[in-house]
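Structure, rendered in structure tokens:
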């Protein structure tokens, strides 16, 4: 059995909206092992993105425990979390979220600027990451000069350039046409199979979920037991 | 910080028109601030020249508009440590058309024979000096004034008096060269005195004392003022530098005036820069979320956002200081209207200080918007739509 890289115990997240309190995630227990490719599925508002954000330490839980790569995220300061995220997490957004004023190469280089690598090394790594996603000929293009599919591939290159232990993808195919979505999923599968990257992907698209090795479903803030789907799915 | 310079620079150029307008407004404000600081420096910080240090000015204790009897000259000359005493009488008057500012220059009635001794910095050829001293209606003009108005030796100059109701017909017999005060016209006090009605004769605006040593200045000043303390015309004796400043005080509280304008300018830049930064940051809240997702700490995000403001304000400051240097160079060459502008310098420390002010304003103006953006939770930042 490979090492557990994500472990949550009774993970709960509540949001306050005025007088009301909304429970986005309730008592979620999850284990993800190194090399897994997990798809989190569920309808809108089921809590899948909330769970992903908690794993990425982009948000803090209301209660429960979460250990990612052996770190108890609740005990880390904001600064420690930022540095940890830079070193260990690659995040892919639905809407790509590239910096519009930077070229593809500069966007991919950005996370490396927080490391001690020299400029030459940073650019070498960024180039290699872009080559890996098939965009060696688009280094100097700004996001506006790229198609949606190409933008998402740049975003994936940015997510992998630091060689993270964990890649988290939030609806990575949500804004893509069918062909581009297939390319992006192929790329994620390749990263999982060839490079052994652990991937957690949120999606509500069953086609996308097929790229994963296994799927866990969420419904109304609850992480359903392994193998169980929401009733209307 | 330098690692992120390309991000800062490209963010600065994101909205080129807004950045250009902000840089321009900062540049213009900073150029005015630089000019005011240069003027302040010229008035209050510049030290005396070696020739100035040896001179004292005696004037009426009440004000510069009040006069002193000419007879004081001989009594002052007897004070130990006084090498020479010369009359220096402001004439005023009109040369040609007073509406043309080019025709304005300082005119002084002096003891012509004492000019070379008391004002060694006024250099003139010996033959011209001799002609100036020996001829009652002769005058000497500074080299800058001569080149401005095209004066040459032998030219006639008519001055129509205003303070003194006389018209003086003068002949230029000498052109002196000097680094400062080279836009004056000097003529014989005796000529003016004899032209006046008897009741107004033998009164003088100021005396210039040449001392044996600058160290004697306090003692001589005290002795001169003590000598006339019980007379109807009490004196005030001060160094030439102090005299210049008291002359300046005619304008009012110049220090407060310059200070308040400078403060208003800085406040304006602060508002302009603050407004730009607030807009810029507001447009980029989502990017702040992206940067933090990639691992940027709050401090690094703050540095990037404040760095952008710093770049804009330093650019504005640099352009502003270039403008200041150009304006000061122009003013140095322009006709002196109120004071001798040839001393209006823009030393490196002054330009550096203005640039530092620009930088500080940039940092201060961006602090609040950048700080609130940097502290914003990631998810809240990412939810902001473009």
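Residue numbers (the working numbering), protein chains in the order written: chain A, 1 to 233; chain B, 234 to 619.
From the three backbone atoms N, C-alpha and C, an ideal C-beta is built for every residue, glycine too.
Quiz item: Just to confirm, are residue 542 of chain B and residue 512 of chain B a CB contact at a threshold of 8 Å?
Solution: Taking the C-beta atoms as reference points, residue 512 of chain B is found no nearer than 8 Å to residue 542 of chain B.
Exercise. Would you identify the three-state DSSP class for residue 346 of chain B, choosing helix, strand or coil?
Key: Under the three-state reduction of DSSP output, residue 346 of chain B falls in the helix class.
Exercise. Taking all protein chains shown into account, decide if residue 464 of chain B is buried (16 or more other Cβ within 10 angstroms of its Cβ) or exposed.
Key: Classification of residue 464 of chain B: exposed, given that the 10 Å Cβ count is below 16.
Self-check item: Residues of its chain near residue 264 of chain B, where Cβ-Cβ distance is below 6 Å and the 5 sequence neighbours each way are ignored
Solution: Residues 553, 556, 557 of the same chain have their beta carbon placed closer than 6 Å to that of residue 264 of chain B, with the five preceding and five following residues left out of the count.
Exercise. Taking only beta carbons into account, state which residues of the stretch 519-538 of chain B come closer than 7 Å to chain A, listed in chain order.
Key: Flagged, chain order: 520, 523, 525, 526, 527, 528, 529, 530, 531.
Practice problem: Return the CA-CA distance between residue 44 of chain A and residue 204 of chain A, expressed in angstroms with no decimal places. | Solution: If I take the Cα positions, the gap works out to 8 Å.
Quiz item: If you compare alpha carbons, which of A/39, A/16, A/26 is closest to residue 227 of chain A?
Solution: Out of A/39, A/16, A/26, the CA that lies nearest to the CA of residue 227 of chain A is found in A/39.
Quiz item: In chain order, which beta strand (DSSP E) runs of at least 3 residues are fully inside the stretch 78-135 of chain A?
Solution: Counting only runs of 3 or more, we get 89-92.
Quiz item: Excluding the five sequence neighbours on either side, which residues of its own chain have a C-beta within less than 6 Å of the C-beta of residue 396 of chain B, listed in chain order?
Solution: The beta carbon of residue 396 of chain B lies closer than 6 Å to those of 325 in the same chain, with the five residues before and after it left out.
Quiz item: Apart from the five residues just before and just after residue 86 of chain A, which ones in its own chain have a Cβ nearer than 8 Å to its Cβ?
Solution: Excluding five sequence positions before and after residue 86 of chain A, the CB atoms of its chain that fall closer than 8 Å to its own CB belong to 111, 114, 115, 162, given in chain order.
Quiz prompt | 4 or more residues per run - each alpha helix (DSSP H) lying fully within the stretch 244-309 of chain B | solution = Secondary structure in the stretch 244-309 of chain B: the alpha helix (DSSP H) runs of 4 residues or longer, each lying completely within the stretch, are 249-273, 283-286 in chain order.
Quiz item: To the nearest angstrom, how far is it from the Cα of residue 328 of chain B to the Cα of residue 500 of chain B?
Solution: Going by C-alpha positions, residue 328 of chain B is about 43 Å away from residue 500 of chain B.
Quiz prompt | Identity of the residues DSSP links to residue 372 of chain B by a beta bridge | solution = According to DSSP, residue 372 of chain B bridges with B/405, B/420.
Quiz item: residue 276 of chain B and residue 535 of chain B: beta carbons closer than 8 Å?
Solution: In terms of Cβ geometry, residue 276 of chain B and residue 535 of chain B do not form a close pair [threshold 8 Å].
Self-check item: residue 165 of chain A at chain B interface by Cβ criterion, 8 Å
Solution: It does not; no Cβ of chain B falls within 8 Å.
Quiz item: Listing by chain order, which chain A residues have their CB less than 7 Å from the CB of residue 243 of chain B?
Solution: Per Cβ cutoff of 7 Å: 101, 102.
Self-check item: Neighbouring residues, chain A, relative to residue 611 of chain B (Cβ below 7 Å)
Solution: In chain order: 58.
Quiz item: Listed from N- to C-terminal order along the chain, which residues in the stretch 235-263 of chain B have their beta-carbon within a distance smaller than 8 Å of any beta-carbon of chain A?
Solution: Answer set for the stretch 235-263 of chain B: 236, 237, 239, 240, 243, 244, 246, 247.
Quiz item: In terms of alpha-carbon separation, which member of B/423, B/433, B/443 lies closest to residue 287 of chain B?
Solution: Nearest option by C-alpha distance: B/443.
Quiz item: residue 545 of chain B lies in the alpha helix (DSSP H); which residues open and close that run?
Solution: Taken as a continuous stretch (DSSP letters only), the alpha helix (DSSP H) holding residue 545 of chain B covers 531-566.
Quiz item: Excluding sequence positions up to five away, which residues of its chain have a Cβ less than 6 Å from the Cβ of residue 369 of chain B?
Solution: Excluding positions up to five away in sequence, the list reads 421, 424.
Quiz item: Can the beta-carbon of residue 109 of chain A be found closer than 8 Å to that of residue 122 of chain A?
Solution: Less than 8 Å divides the Cβ of residue 109 of chain A from the Cβ of residue 122 of chain A.
Exercise. Within its chain, find whatever has a CB closer than 7 Å to the CB of residue 349 of chain B; leave out the 5 residues flanking it on each side and keep chain order.
Key: Close CB contacts of residue 349 of chain B within its chain, under the 7 Å cut and outside five residues either way in sequence, are with 362 (chain order).
Self-check item: Near-chain B residues of the stretch 140-152 of chain A - C-beta to any C-beta below 9 Å
Solution: For the stretch 140-152 of chain A, which is checked against every Cβ of chain B, not one residue is closer than 9 Å.
Practice problem: State the DSSP-derived secondary structure class of residue 60 of chain A, mapped to helix, strand or coil. | Solution: Residue state for residue 60 of chain A is assigned as coil, using DSSP reduced to three classes.
Quiz item: Ends of the beta strand (DSSP E) at residue 7 of chain A?
Solution: Where residue 7 of chain A is concerned, the enclosing beta strand (DSSP E) stretches over 4-17.
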